[in-house]
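Novice: So that we are looking at the same thing, I have put the structure below in structure tokens.
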């Protein structure tokens, strides 16, 4: 039995590619970035007739959203499933700094859900598509005993301006947007037994779980895709699996290590009324922030000379400097991330975020 | 309960698009063809620096391949599942006349299949990818109690040279490549009870079912994407659901009717040893050809002035003229396809091909 990273490595290897770079035998004239990042980047290599400037890079990514694995129809309304399906996929475009353009959907569902359920599901996708400025350009449907949704999203960035996981360098600062752990808190409240009342569940955390806010504007700004033409971030990823896992992804792709400071991690506020409930005692805001997935905040690195450009908030979203990138000793193959507490003690931080293949799920 | 066409119509409508043309509010500068065809067509609008000619159109399509719906792990080897998953998706590029370039895969599977099964599955995809000249550029994996594969494929055509379903006009001839019904015959033999021996099963039909040959070279030639720069076909589709259903798709998109001639339909040869078996008595080559899916042959229409250019074989693949496109009376909204027998009698041909939502499955 393999974990998700091992599976991806195996498939990549078997298909003759390699992670973190261009697959073997690839025609470099169109593929700019292959497997192993949040998205692939291609360019058809033209120039605009009017200005002579190169045409945009096209950024492509795919994501699946499965009944029983990622959501439960008994817990989640079809509208929220539709919204979140497109939002999570599009979050990969945010992590690349791309402007979303289009998406393709394959949808498998029970014949009994092709009435009202499907109407509401489609309504949820539409809300997300309008919000992100995307057009549905392709799809495929099939009957199936379980709902399976798979979405490919496409967006654009200026040539060579896409943010990757592989650009972090020693000395860069590590930043994160918003607060972490809210989506997991929402899920924990939703699945608590005995049930919490709707009033007990913190609204914001429930929203974070059901309708994640993705950081498109921030990503575009960090990529220099907007009015500011400078690429500010050296690397970026969206936090879908959890901070501990996603920071390892950046370190792995960039061949560096990292150190993050516990007191600087923006944790979610757990209302006292929730904290006092015996069935919620095991919920720890710090654990949620480190290993809880689905916040879809951006984790990014910024070179020292540009770090002063990062404001405390960008368009209302808090930005926190949580650590720094450090060089990896030559003989070490795997990435090491350290968590430093307020007393200056460092402990290794293992990737313990979401992995659907892990045994303990 | 809706059928597949109704579901696609509903989702399209709910998402603010329209079939057979450009969705509402679409930026025409990049989207050339939206929903309702075998694939979407986009163009980033550049010109090549060297020649000044426009850059290629990018053709994108998605397809799903599901355990229990499209294949059974007890019947189908993982290598064949991998090969066919990519082949069926790429057949949509053949139907558009595109040259395949890349693909993205989402894969859900049981943790117990992440060993040998996954290795062989990846091997099957690789064989197909090499054969078609494609590179894997993105993917996502997840644990799941059933296998679900979803693939997005991308290819290129010369600007405005993609073949669509909507270009058929009254007077055009209707052609089909190869023979029809072989894949369904292979499936029928594989699932016959009591079981047939491997020797009894016609090898070619089994191959057609397990490892469909897709018509990339033919599609590119018909689109004028190769050495011949003229677009020869006015419309095209790949026969994935069955001739009766896919011809209706062309007629629907082109707002025309069609007439096909029974004696000219290239049916599969059923070996006498098979025909004599009581459990295979209900198998009728003509029914297989009309309504059997998964042959992945091309069904295409050719304007009268170009019909003489169609050879009896193209690169070893037989091409048969099976009928003609006729004008649709103004007051009629839905397409009518007639089947004409050797005595000249015409009967209406309903779309009776594959639809995973149909009740009788």
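Protein chains in written order, with the numbering used here: chain X, 1 to 361; chain P, 362 to 722.
In this text, a Cβ means the ideal position worked out from N, Cα and C, and glycines have one as well.
Predicted model only: the values in this text are computed from it and were never measured.
Could you tell me whether the Cβ atoms of residue 423(P) and residue 66(X) are closer together than 7 Å?
Specialist: no
Novice: Keeping to the same chain, check which residues put their C-beta closer than 7 Å to that of residue 48(X); ignore five residues upstream and five downstream.
Specialist: Result list for residue 48(X): 55, in chain order.
Novice: In the DSSP assignment, the beta strand (DSSP E) including residue 460(P) goes from what residue to what residue?
Specialist: First-last of the beta strand (DSSP E) with residue 460(P): 460-470.
Novice: What residues from the segment 107-126 of chain X come within 8 Å of chain P, judged by C-beta to C-beta, listed N to C?
Specialist: 107, 108, 111, 112, 114, 115, 118, 119, 122, 123, 125 and 126
Novice: When the cut-off is 7 Å and only beta carbons count, does residue 575(P) lie next to chain X?
Specialist: For residue 575(P), the answer is no, since every Cβ of chain X falls outside 7 Å of its Cβ.
Novice: Does the structure place the segment 518-527 of chain P close enough to the segment 473-491 of chain P that three or more beta carbon pairs sit under 8 Å?
Specialist: no
Novice: Return yes when the Cβ of residue 179(X) is within less than 7 Å of the Cβ of residue 266(X), no when it is not.
Specialist: Yes. Within cutoff.
Novice: To which residues of the same chain is residue 217(X) closer than 7 Å at the C-beta, ignoring the five residues directly before and after it?
Specialist: 315
Novice: Looking at chain P, which residues of the segment 168-188 of chain X have a Cβ within less than 7 Å of any of its Cβ atoms?
Specialist: none
Novice: For residue 182(X), which of 139(X), 213(X), 175(X) and 51(X) has the nearest alpha-carbon?
Specialist: 213(X)
Novice: Indicate whether at least one CB of chain X lies closer than 7 Å to the CB of residue 410(P).
Specialist: Judged by the 7 Å Cβ criterion, residue 410(P) is in contact with chain X.
Novice: Tell me the residue span of the beta strand (DSSP E) that contains residue 713(P).
Specialist: Here residue 713(P) belongs to no beta strand (DSSP E), and DSSP marks it neither H nor E.
Novice: Among 602(P), 621(P) and 461(P), which has the Cα closest to the Cα of residue 576(P)?
Specialist: Ranking the options by Cα distance to residue 576(P), first place goes to 461(P).
Novice: To the nearest angstrom, how far is the alpha carbon of residue 612(P) from that of residue 685(P)?
Specialist: 11 Å
Novice: So residue 504(P) and residue 617(P) are in contact, right, with Cβ under 8 Å, and what is the actual spacing, rounded?
Specialist: That pair is no contact at about 48 Å.
Novice: Strictly under 7 Å for the Cβ-Cβ distance: is residue 40(X) near chain C by that measure?
Specialist: This model lacks chain C altogether; the protein chains it does include are X and P.
Novice: Is DSSP giving residue 439(P) helix, strand or coil here?
Specialist: helix
Novice: Shorter than 7 Å from the beta carbon of residue 432(P) to some beta carbon of chain X?
Specialist: no
Novice: Examine chain P for any beta-carbon lying closer than 7 Å to the beta-carbon of residue 7(X), and answer yes or no.
Specialist: yes
Novice: Between residue 383(P) and chain X, is the shortest Cβ-Cβ distance under 7 Å, so that the two count as touching?
Specialist: Only weak support is given to the placement of residue 383(P): the predicted model assigns it a pLDDT of 47, under 50, and the question is left unresolved by the model.
Novice: Which residue comes first and which comes last in the beta strand (DSSP E) that contains residue 501(P)?
Specialist: From DSSP, the beta strand (DSSP E) with residue 501(P) extends over 496-504.
Novice: Rank 80(X), 231(X), 240(X) and 113(X) by C-alpha distance to the C-alpha of residue 291(X) and give the top, closest one.
Specialist: Checking every option, the nearest Cα to that of residue 291(X) belongs to 240(X).
Novice: Taking only the alpha-carbon atoms, compute the straight-line gap between residue 116(X) and residue 356(X) and give it to the nearest angstrom.
Specialist: 30 Å
Novice: Residue 455(P): which of 669(P), 585(P), 439(P) and 367(P) sits nearest, CA to CA?
Specialist: 585(P)
Novice: Counting only runs that start and end within the segment 472-555 of chain P, where is the alpha helix (DSSP H) found for 4 or more residues in a row?
Specialist: 477-493 and 543-552
Novice: My output table needs one value for residue 692(P): the three-state DSSP class, helix, strand or coil.
Specialist: Residue 692(P): coil per DSSP, three-state reduction.
Novice: Thinking just about the alpha-carbon of each residue, which of 248(X), 189(X), 338(X) and 211(X) is nearest to the one in residue 281(X)?
Specialist: 189(X)
Novice: Quick check: the Cα distance between residue 205(X) and residue 184(X), rounded to an integer number of angstroms?
Specialist: 8 Å
Novice: Give the DSSP-derived three-state secondary structure of residue 9(X) in the structure shown.
Specialist: helix
Novice: Just the Cα atoms here: how many angstroms apart are residue 52(X) and residue 530(P)?
Specialist: 39 Å
Novice: Please name the residues in the segment 139-173 of chain X whose beta-carbon is closer than 8 Å to at least one beta-carbon of chain P, in chain order.
Specialist: 139, 140, 141, 142, 143, 144, 145, 146, 148, 150, 152, 154 and 156
Novice: So, residue 420(P) versus residue 400(P), is the Cβ gap smaller than 7 Å?
Specialist: yes
Novice: Return no unless some Cβ of chain P is closer than 7 Å to the Cβ of residue 357(X).
Specialist: yes
Novice: Using the rule of at least 16 other Cβ atoms within 10 Å of the residue's Cβ for burial, across every protein chain shown, is residue 610(P) buried or exposed?
Specialist: buried
Novice: What are the residues of the segment 61-85 of chain X that lie near chain P, defined by any Cβ-Cβ distance shorter than 8 Å?
Specialist: 61, 62, 63, 64, 66, 68, 69 and 70
Novice: Quick one: using the 10 Å Cβ neighbour count with 16 as the cut-off for buried, is residue 24(X) buried or exposed?
Specialist: Here residue 24(X) scores only 46 on pLDDT, less than 50, and its place in the model should not be relied on; the value that follows carries that caveat. Under this definition residue 24(X) is an exposed residue.
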